[in-house]
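To start, the structure under review is shown below, and the notes come after it.
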Amino acid sequence: MKKTCGKAAFYAAIIVICLIMVTPVYLLAKVSFSVKSEILTQHPTLLIHQFTWEHWLNVFRSGNLWAPLKKSLIVSCLTTVGSLVIVVPAAYVVSRMSKKKRYAFVLGLFFTRMIPSVAIALPISVTFLKMNLIDTSLGLVLANMITQIPFMAWILVSTFAEVPVALDEAAWIDGASRLQAIVKVILPVSMQGIAVSAMYVWLNAWNEFTYAMYLSNNSKTLPLQIYYYVSRGNVFERAAYSTILAIPVILVTFVLQRYLKPDYLGGSVKG
3 MKKTCGKAAF YAAIIVICLI MVTPVYLLAK VSFSVKSEIL TQHPTLLIHQ FTWEHWLNVF
63 RSGNLWAPLK KSLIVSCLTT VGSLVIVVPA AYVVSRMSKK KRYAFVLGLF FTRMIPSVAI
123 ALPISVTFLK MNLIDTSLGL VLANMITQIP FMAWILVSTF AEVPVALDEA AWIDGASRLQ
183 AIVKVILPVS MQGIAVSAMY VWLNAWNEFT YAMYLSNNSK TLPLQIYYYV SRGNVFERAA
243 YSTILAIPVI LVTFVLQRYL KPDYLGGSVK G
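See the structure below:
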């Protein structure tokens, strides 16, 4: 009886948490697809009764969507690729260190994650101003990588540490170099962890606001464009903008969710 009640309480808690997470997204979509009279009333309904594309078409025709959307996609993809190029070989090397050294490395990553983005955004913007990287995609990519590389390394060190050293040694015996062993042996068996780390970095870069605020003047990313639009746009077009921002997040999470495993976020330091 107690076991049944505990299981029921567990599933009830999951349902409540899911509702809390899904409700804001649903309300955004509802407002963006509803006619004004259905929302601007004393007792708005929960479901959409009068569907319309009017607010989305206004956003598409405004000319304020495509450039920020393009820049956000470019910055997110380049941040992910650049982080992978740097972190994969570094994380592999750290994963083959002794347990104490690996633990010290992971602990150091924790300390870097404790520093808020806003604390380093100003010095980064001053440095990038001298390097003529303000209002450029490259500047945003480099700034994002400063934050995302420690997080990706934290996941990939754990991922590579789970791969037996015997696989490395077998590849070397067969005549493979260290680089060939990584590319042909280690990476294929670690693709799930790599996919998870890439997903998180891409999502964080896509939603990044602080660096975009400091490093952008005329060329804005989509989150920054939405921020400026909120102060002067109507609530229906704001909802359409926000829904558009959420769509890639939902799609990427849905495609890669089958790769998610708790171990990849555990920062494993197994010896």
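3 is the number of the first residue of the sequence shown in our numbering; add one for each residue after it.
Where a beta carbon is used, it is the ideal one built from N, C-alpha and C, also for glycine.
Quick caveat: nothing in here was measured; it's all calculated off a predicted structure.
DSSP beta-bridge partners for residue i?
i   : result
F53 : S36
Run the CB neighbour count on residue i, radius 10 Å, all protein chains shown included, and call it buried at 16 or more, exposed below.
i    : result
L135 : buried
I228 : buried
W58  : buried
R168 : For the sequence presented, residue 168 should be read as Ala rather than Arg. It is exposed - the Cβ of A168 has fewer than 16 other Cβ atoms within 10 Å.
F112 : exposed
M154 : buried
V159 : buried
Y243 : buried
A121 : exposed
W55  : exposed
V87  : exposed
A123 : buried
I22  : exposed
G273 : Note that G273 has pLDDT 43, beneath the 50 cutoff, so the model's placement of it is unreliable and no number is given.
I157 : buried
F53  : exposed
V18  : exposed
A214 : buried
Could you round the C-beta distance between residue i and residue j to whole angstroms and report it? I think they count as a contact, below 8 Å.
i    : j    : result
V33  : A241 : 4 Å
K9   : T223 : Not a contact, Cβ separation roughly 44 Å.
T212 : S119 : 4 Å
Taking 8 Å as the cut-off, decide whether the C-beta atoms of residue i and residue j are in contact.
i    : j    : result
P152 : R115 : yes
P225 : L247 : yes
Q150 : A207 : yes
V185 : S139 : no
L205 : L142 : no
V61  : E210 : no
A183 : A173 : yes
T245 : A31  : yes
S85  : D137 : no
N66  : Y231 : yes
For a test of your reading of the model: does the CB of residue i fall under 7 Å from any non-hydrogen atom of the ligand GDP? Yes or no.
i    : result
W208 : The ligand GDP is not part of the structure shown, which contains no ligands of any sort.
Are the segment 157 to 165 and the segment 127 to 134 touching by the rule of at least three beta carbon pairs closer than 8 Å?
no
Does the count of Cβ pairs from the segment 79 to 91 and the segment 136 to 154 closer than 8 Å reach three?
yes
Taking contact to mean 3 or more Cβ pairs, one atom from each stretch, closer than 8 Å, check whether the segment 22 to 41 and the segment 191 to 202 are in contact.
no
Any contact of the segment 182 to 189 with the segment 83 to 101, i.e. 3+ C-beta pairs under 8 Å?
yes
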